[in-house]
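Chemist:
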Amino acid sequence: MNRKSNFESDPKYRSYSVAIDKCLKSFEYSNEWADLISSLVRLMKLIQQYDRYDVIPEKRLLGKRLAQCLHPALPPGVHCKTLECFDLIFRIMGPNNLAADISIYGPCLFGLLGPSAMTVKPLLFNLFETYFLPLGDKLRTAFLGLLQGLLPGLEEGSEFFERGNSIIEKFCRAVGLEFFYTCLWQVSFLHVLTHAPSVRHFGTAFILNHFNKRRHLSTQACFFGTSTAVLLESIRCLLDDNVVLVQRDTLDFVILTLPVHLVSSTGSQKQQSRHGQYHHPLEGKITPLEMRNLAVAALTVLLRKDASLNRRLFIWLLGSQAIESADASQNATTVARIALHSNNVSFRLLMMA
78 MNRKSNFESD PKYRSYSVAI DKCLKSFEYS NEWADLISSL VRLMKLIQQY
128 DRYDVIPEKR LLGKRLAQCL HPALPPGVHC KTLECFDLIF RIMGPNNLAA
178 DISIYGPCLF GLLGPSAMTV KPLLFNLFET YFLPLGDKLR TAFLGLLQGL
228 LPGLEEGSEF FERGNSIIEK FCRAVGLEFF YTCLWQVSFL HVLTHAPSVR
278 HFGTAFILNH FNKRRHLSTQ ACFFGTSTAV LLESIRCLLD DNVVLVQRDT
328 LDFVILTLPV HLVSSTGSQK QQSRHGQYHH PLEGKITPLE MRNLAVAALT
378 VLLRKDASLN RRLFIWLLGS QAIESADASQ NATTVARIAL HSNNVSFRLL
428 MMA
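Okay, so the sequence shown: first residue is 78 according to the numbering used here, each after it adds one.
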């Protein structure tokens, strides 16, 4: 039996339910933004009056009314008062109830950061950090939506960039690195379909800013996520993006992490990989057909006639990055073998494409 069922036998809780229903109906008759603030103030007083109950009645209608108060067309004052109301509700509910009802209260908050005014953003960051971050793994069911809502905080040059980046890093650790980057690739793919170039650029820039070029790739396998299919599909879509910055960032990631010779290692190279010299986290997980499809997507950047994109494409195809990053311990013969092998693979990929 859930807690609401227990409370329903309480006469005071039934009175609370009736009062909430009456208060929420007042939102229907609000014609001006000032009326909404008055309704929110009455709602907060009512919730405070019955703060002994951690299950708030009419929660779906409550979530709907609060979502209406966060409409982008409304002034920042209404948004701020609504976030104050959310703060009160989440504090009374506690983390377990919030995790259970995140689908009710979360969506309207997840989409607010981008269009909100500067006075609203700090309150929203506080909500995310105070109430959502402690949920940890319980966030996973709603994390895709939350991540989409957090990415607009990565706008470079804005006064909230540092805080936005810090909060995303905290959520990354809270849900797990591999799960986080899987969601980040999914977000990039979804926003290709929904035409949101700024969010795609924030996502690719975040990945590159956190990828350490000096560390071995085998220690950074989390950047590939948990699904190779999601990774490759997202990269192909991003390479076909209509924003040059997104294409440039994506090619940089491909150069750093997906060498063309990955899917066609010879027996000797596989033997070397077992000794740690050429180990790649995706070795054996990408088929020649998948690499061919990736090459086809990469070749589309030539249509841009952009010198920076063309240079990155040729670096990837010719294996220049692999040569430049070769270990100092590797002799000239080994480096030459890598270059020859990369060129042979590139030729076969281009013929297949």
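Every residue, glycine too, gets a C-beta built ideally from N, C-alpha and C.
Fair warning: this is a prediction, and the values are worked out from it, not measured in the lab.
1. Shortest alpha-carbon distance to His278 belongs to which of Val323, Ala372, Gly140 and Phe301?
2. Note down, in chain order, each residue of its chain lying with its Cβ closer than 8 Å to the Cβ of Lys89, except the 5 sequence neighbours on either side.
3. Using C-beta distances below 7 Å, list every residue in its chain close to Ala290, excluding the 5 sequence neighbours before and after it, in chain order.
4. Indicate whether the contact test is met: 3 or more Cβ pairs, each with one atom in the region 176 to 186 and one in the region 229 to 239, closer than 8 Å.
5. So, are the CB atoms of Leu165 and His156 less than 8 Å apart?
6. Can you tell me whether Ala251 is buried or exposed, with buried defined as 16 or more other CB within 10 angstroms of its CB?
7. Distance check for Ser115 and Phe104, CA to CA, integer angstroms please.
8. If Ile312 and Thr327 are in contact, beta carbons under 8 Å, what's the gap, nearest whole angstrom?
9. Leu390 and Leu379: beta carbons closer than 8 Å?
10. Nearest CA to the CA of Pro134: which residue from Met368, Asn242, Pro192 and Phe84?
11. Pick helix, strand or coil for Gly440, following the three-state DSSP scheme.
12. How would you label Ala194, buried or exposed, when you count the other beta carbons within 10 angstroms and need 16 or more for buried?
13. Taking Leu261 and Tyr208 to be in contact with their CB atoms under 8 Å, please state how far apart those CB atoms are, rounded to whole angstroms.
14. From Leu359 to Phe248, what distance separates their C-alpha atoms?
15. Find out if the Cβ-Cβ distance for the pair Gly140, Ile97 is shorter than 8 Å.
16. Leaving aside the five residues before and after Leu221 along the sequence, list all residues of the same chain whose C-beta is less than 7 Å from its C-beta, in chain order.
17. Please state the DSSP three-state secondary structure of Ala416.
18. With a threshold of 16 other CB atoms inside 10 Å of the CB of Glu236, please say whether the residue is buried or exposed.
19. Measuring CB to CB, does Leu138 end up less than 8 Å from Thr159?
20. Please list the segments of the alpha helix (DSSP H) lying wholly inside the region 253 to 325, counting only runs of 4 or more residues, in order along the chain.
21. Only counting the same chain, and skipping five residues up and downstream in sequence, which positions put a Cβ closer than 7 Å to that of Ser92?
Modeler: With the structure as the only source:
1. Nearest to His278 by C-alpha distance, out of Val323, Ala372, Gly140 and Phe301, is Val323.
2. If the five residues before and after Lys89 are omitted, its C-beta is found closer than 8 Å to the C-beta atoms of Tyr127, all from its own chain and listed in chain order.
3. Looking at the sequence shown, residue 290 is not Ala but Lys. Excluding sequence neighbours, Lys290 sits near Leu333.
4. No, the region 176 to 186 does not touch the region 229 to 239.
5. Contact flag unset, no.
6. Looking at its Cβ environment, which holds 16 or more other Cβ atoms inside 10 Å, Ala251 is buried.
7. Phe104 and Ser115 have their alpha carbons spaced roughly 9 Å apart.
8. With 8 Å as the limit, Ile312 and Thr327 qualify as a contact, their Cβ atoms being about 6 Å apart.
9. Taking 8 Å as the Cβ cut-off, Leu390 and Leu379 qualify as a contacting pair.
10. When only C-alpha atoms are compared, the closest one is Phe84.
11. Residue 440 lies beyond the range of the chain shown here (78 to 430); nothing can be said about it.
12. The residue is exposed, with fewer than 16 neighbouring Cβ atoms inside 10 Å.
13. Not quite, the Cβ-Cβ distance comes to about 22 Å (not below 8 Å), so this is no contact.
14. Their backbone Cα atoms lie some 25 Å apart in a straight line.
15. Taking 8 Å as the Cβ cut-off, Gly140 and Ile97 do not qualify as a contacting pair.
16. Correct list, in chain order: Cys260, Gln263 and Val264.
17. Because the pLDDT at Ala416 is just 48, under 50, the model does not fix this residue reliably, and the value given afterwards should be weighed accordingly. Ala416 sits in a helix when the DSSP states are folded into three classes.
18. Exposed.
19. Against a cut-off of 8 Å, the Cβ pair of Thr159 and Leu138 comes out as no contact.
20. As far as the region 253 to 325 is concerned, its whole alpha helix (DSSP H) runs of at least 4 residues are 254 to 270, 274 to 287 and 305 to 316.
21. Excluding five sequence positions before and after Ser92, none of the CB atoms of its chain fall closer than 7 Å to its own CB.
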